[in-house]
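J.: Quick note: to get my numbering, add 44 to the position in the sequence shown (first position is 1).
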Amino acid sequence: MDMELQNRKHATNIASDTSLAEDVDEAGCTRDERDLIRLGKKPVLKRNFGFMSILGFSCTVLITWEGMLMFVRPTSNANTLKYQPRALRSKRHTSLASTIADGSSGGPAGVIWGYIIVWIGTMSTFIVLSELASMAPIAAGQYHWVAMLAPDRSKRFLSYITGWMTFAGWQAVTASAAYLIGTLLQSVILMTKSDYVPKPWQSMLFLWAILAFAVVINTVASKTLAHFEGVILVLHILGFFAVLIPLVYLSPHGDTSLFTTFVNEGGWSSQGLSFMIGLPASVFSLIGADSAVHMSEEIKRASIVVPRAMLSGLILNGILGFAMMIAYLFCLGNLDDVLNAQETLGYSFLYVFQTGTGSTAGAAVMGLLVVALGVCSTVGALASSSRMLWSFARDRGVPLWRIWLDRRTSIPIYTIAFTTGVSVLLSLIILGSGVAFNNIVNLSIAGLYSSYLICCGLLLWRRLQSPGIKAYNPRILRVGPDNLHWGPWRIPGILGVLNNAFACLYLFVLWFWAFWPPQTPVAPATMNFSILTFGATVLFAVFWYLVDGRKSYQGPLIEIEL
C-alpha cells in the first residue's frame, strides 16, 4: 500500500470519536480511506461533513417547500373545469390550472397527485442510488457506477456518456438556481416599489452576485462550508413554519375540491394526456438529491452517511413541500387578483403573502427568506457540480483535463471557477431570451434523470445475473467490475429487485414525458427545446469520445495499486 497513505496525518479527528476510532486499521487508514483505496483512488479532499451537515447540504440544495411556492403558478382558462375558494365561486367563473416551471399539470389536482407520484418515484430511485453510493462512495457518482456495472464491451463508452449527462445536468442546476432566485429578488423589489421596471440585464447581474457569494463560501470560507450547511438546515425548517403559519392563519381558505379538480390547460386531447405531460413539472422541486453523492469524499463514514442523508433529505423535503403546496392552493384568495399579480410580479405567492398578512413589508420579509434559502441552495449546487467535474477531470473524461486539477490544495479551485464561468456565460442568454434560458433549466432534468436511468437499469441487470453481487465484506482489497460487493447499506432480496424495477419504470416514464411541450398548438414561445439542448449535449459527448475520449478516457483510473 502507498506509504504516503500510511504515514500522512488524517484530516479526520479520529481520537475525538470512539465510533470512528475503531475503524482505523493497522496501516492507520480510516474506513473512508479504505473505501476509496478499494476503488483505486487516493484520498485527497478533507472530510469535514458529518450526518447533520450533509443532511443540511442535501435539504438546502433541494429546497422543496421554497420551490413549490415559486413553481406553482395559477393560469386562467374560462373553458375548463373550475376551482376556486368556496366564497368566490358565485362571483367568478375562472379556472385554476397550476403549472410548475411552465408545465401544464392538469389543475390543482394534477399538481397534488403529480407531486405524490414524483415523490414516491424519486424515493424509489434514490433508494437504488443509495445502494450504489454505499457500494462505491465516490465523488464521481453515476459514471463510476456505470463503469462498474456495465458489460466489458460497452462500459467505457456508457460511462463516458453518463459522465457528460451528469456534468451537463449539474451545470444546468447551478445556473438555473441562481437565475430563478435572481428573478425572485426582482419580484420582491417590484412588490415594494411599484415604479421599478425589471430588466433582463438586472436578472443577469443578480445571477452574477449570487454566484459570487457561492464562490466565496466554496473557496475563501471553504472550512466553514459544513457548519454553514448545518445552520442553513435550521433556517430551512424554521423558515417553513415562519411562512406556513401566517399563510394558513391569515389567508382566505378554499375547500377539498382542489383534490379532485383537474384542468386540461394545454389544450390536449384528453385529461390523462394533460396530466402525464405535466407530471415531469414536479421534478424540479425534488431535483438534485444526488448532491450528497458528489460530496462523498468529504463526508465521514460516507458509505453509511450518504445513503441516510439522501433519503432523510428526500423524506423531510417531501413532507415540507407537500404541506406548503396544499397550504398555498388552499389560500389563494381572489383568483382575479392572483392572476393579475402573476402577470405583474411573476411570482404570485408574493401577492398571496401580501394579502394574507395585510402588510407589504411582512410579505417582503417572507419573500426575502425564500430568496436567502435559494441563495444557499446555489452554494450547494456549485459545490456538487464542481466536485463532479473535478472527479471527471481526474479520470480524464473532459477536454484539457490536466488544467482542472490542482494537487496543491484540497479544494477543487479550478473546477469551481469553471462551473462559475459556465453559469456566467449561460446567463448571457437572458439578454436575448428568457424562454431560451428556460430550456437550460429543463436540461437539468433531462441530464440527471438520464444518468439515473442508466445506473438503475445496469444495477437491475447485475442483480438478475448469476451469481450476482456479493455480500458486503469490509476486508476486500478492491471493488470493481469483476469483484462487485454490496456496501453496508442496501435493500436485500426480492424487495430490492422490485424497488429497482419500479425505479427504472418511473425514470423511463418521466424521461419520455419530459420532452413534450406544455401546450398545443405549439409555438416557438411554448416549445420545449430541451430535446435539442439534451440531444446536442449527447451528440457532442459522442463526437468528442470518437475524437479524443476513446484515447484519453479508459474509465475510472486506478491511482493506487495494491
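Cβ atoms here follow ideal geometry from the backbone N, Cα and C, with glycine treated the same way.
#1: Roughly how many angstroms separate the alpha carbons of Asn246 and Leu302, rounded to a whole number?
#2: Kindly identify the DSSP beta-bridge partner or partners of Gly154.
#3: Put His338 into one of helix, strand or coil per three-state DSSP.
#4: So Gly467 and Leu255 are supposed to be a Cβ contact under 8 angstroms. How far apart are they, rounded?
#5: Take Ser435 as the anchor and find which of Glu77, Gln186, Asn527 has the nearest alpha-carbon.
#6: Starting from Ile41, follow its DSSP beta bridges and name the residues at the other end.
#7: Determine the closest residue to Ala221 out of Tyr516, Met571, Phe481, with distance taken between C-alpha atoms.
#8: Reducing DSSP to helix, strand and coil, say where Gly377 ends up.
#9: Taking 7 angstroms as the limit between beta carbons, can you name the residues of its chain near Phe408, skipping five residues before and five after?
#10: Does the separation of the CB atoms of Phe559 and Asn572 fall below 8 angstroms?
#11: Reducing DSSP to helix, strand and coil, say where Lys514 ends up.
#12: Can you give me the C-alpha to C-alpha distance between Val31 and Met369, rounded to a whole angstrom?
#13: Enumerate, from N- to C-terminal direction, the unbroken alpha helix (DSSP H) stretches of 4 or more residues contained entirely within the segment 347-435.
#14: Rounded to whole angstroms, what is the Cα-Cα separation between Ala286 and Leu249?
#15: Considering Arg75, what are the terminal residues of the alpha helix (DSSP H) in which it resides?
#16: Are at least three pairs of beta-carbons, each pair with one atom in the segment 170-183 and one in the segment 498-510, less than 8 angstroms apart?
#17: Rounding to the nearest angstrom, what Cα-Cα distance links Gly531 and Pro351 in this structure?
#18: Taking Cβ positions, are Leu364 and Trp557 nearer each other than 8 angstroms?
#19: Ala26 to Ala216, Cα distance in whole Å?
#20: Please classify Gly100: does DSSP put it in a helix, a strand, or coil?
#21: Mind checking Tyr597: buried by the 16 CB within 10 Å criterion, or exposed?
#22: Identify whether Tyr597 lies in helix, strand or coil by the three-state DSSP scheme.
#23: Using the C-alpha atoms, what's the distance from Glu341 back to Gly100?
#24: In the structure shown, what three-state DSSP assignment does Asn572 receive?
#25: DSSP three-state label for Gly524, please.
#26: Classify Lys529 as helix, strand or coil using the three-state DSSP reduction.
#27: Identify which residue in Pro600, Ser326, Arg200, Trp163 has its Cα closest to the Cα of Ile359.
#28: What's the gap between the Cα of Tyr550 and the Cα of Gly165?
#29: Output yes or no for whether 8 angstroms exceeds the beta carbon distance between Thr218 and Thr463.
#30: Just to confirm the assignment: which complete alpha helix (DSSP H) runs, minimum length 4, are found wholly within the segment 452-513?
#31: Looking only at its chain, what residues have a beta carbon closer than 8 angstroms to the beta carbon of Val586, apart from the 5 residues adjacent to it on each side?
#32: Rounded to whole angstroms, what is the Cα-Cα separation between Val292 and Leu113?
#33: What is the C-beta distance between Ile276 and Cys420, in whole angstroms, given that I count them as a contact (C-beta under 8 angstroms)?
#34: Helix, strand or coil: which one does DSSP assign to Gly621?
#35: Please state whether the Cβ-Cβ distance between Asn361 and Cys548 is less than 8 angstroms.
T.: Checking against the coordinates, here is how it stands:
#1: Asn is not the amino acid found at residue 246; the sequence shown has Gln there. Rounded to whole angstroms, Gln246 to Leu302 spans 37 angstroms at the Cα level.
#2: Beta-bridge pairing links Gly154 to no other residue.
#3: Under the three-state reduction of DSSP, His338 is assigned to helix.
#4: According to the sequence as given, residue 467 is Ser; it is not Gly. Right, the Cβ-Cβ distance comes to about 6 angstroms (below 8 angstroms), so this counts as a contact.
#5: When only C-alpha atoms are compared, the closest one is Gln186.
#6: Lying outside 45 to 606, the shown extent of the chain, residue 41 is not represented and no answer is given.
#7: Closest by alpha carbon: Phe481.
#8: In this structure, DSSP gives Gly377 a state outside helix and strand, which the three-state scheme calls coil.
#9: The question names Phe, yet the displayed sequence has Ala at residue 408. Within the same chain, Ala408 has close Cβ partners Val232, Met235, Thr236.
#10: In this structure, Phe559 places its C-beta atom within 8 angstroms of the C-beta atom of Asn572.
#11: Here Lys514 sits in strand by DSSP.
#12: This structure does not reach residue 31, given that the chain is present from 45 up to 606, and the question cannot be answered.
#13: Correct list: 379-389, 392-401.
#14: Ala286 and Leu249: Cα-Cα distance of roughly 29 angstroms.
#15: Annotation for Arg75: the continuous alpha helix (DSSP H) segment containing it runs 75-82.
#16: Touching, per the Cβ criterion.
#17: Computed Cα separation, rounded: 10 angstroms.
#18: Judged by their CB atoms, Leu364 and Trp557 are not nearer to each other than the 8 angstroms cut-off.
#19: A question about residue 26 goes unanswered here, because the residues of the chain that appear run from 45 up to 606.
#20: If DSSP states are grouped into helix, strand and coil, Gly100 belongs with the helices.
#21: Counting Cβ neighbours within 10 Å, Tyr597 comes out buried, since at least 16 surround it.
#22: If DSSP states are grouped into helix, strand and coil, Tyr597 belongs with coil.
#23: One alpha carbon belongs to Gly100, the other to Glu341, and they sit about 17 angstroms apart.
#24: Residue state for Asn572 is assigned as coil, using DSSP reduced to three classes.
#25: If DSSP states are grouped into helix, strand and coil, Gly524 belongs with the strands.
#26: It should be pointed out that residue 529 corresponds to His in this sequence rather than to Lys. Reduced to three states, the DSSP call for His529 is strand.
#27: Distance from the Cα of Ile359 is smallest, within the candidate group Pro600, Ser326, Arg200, Trp163, for Trp163.
#28: Spanning the two alpha carbons is a distance of roughly 6 angstroms.
#29: In this structure, Thr463 lies closer than 8 angstroms to Thr218 by Cβ.
#30: Entirely contained in the segment 452-513, the alpha helix (DSSP H) runs reaching 4 residues are, in chain order, 457-471, 473-476, 478-508.
#31: When the five nearest sequence neighbours on each side are left out, the beta carbons in the same chain lying within less than 8 angstroms of the beta carbon of Val586 are those of Ile205, in order along the chain.
#32: Each residue's alpha carbon lies about 14 angstroms from the other.
#33: In this structure Ile276 is in contact with Cys420, their Cβ atoms being roughly 5 angstroms apart against a cut-off of 8 angstroms.
#34: Coverage of the chain is limited to positions 45 through 606, which leaves residue 621 absent and any answer about it impossible.
#35: Against a cut-off of 8 angstroms, the Cβ pair of Cys548 and Asn361 comes out as no contact.
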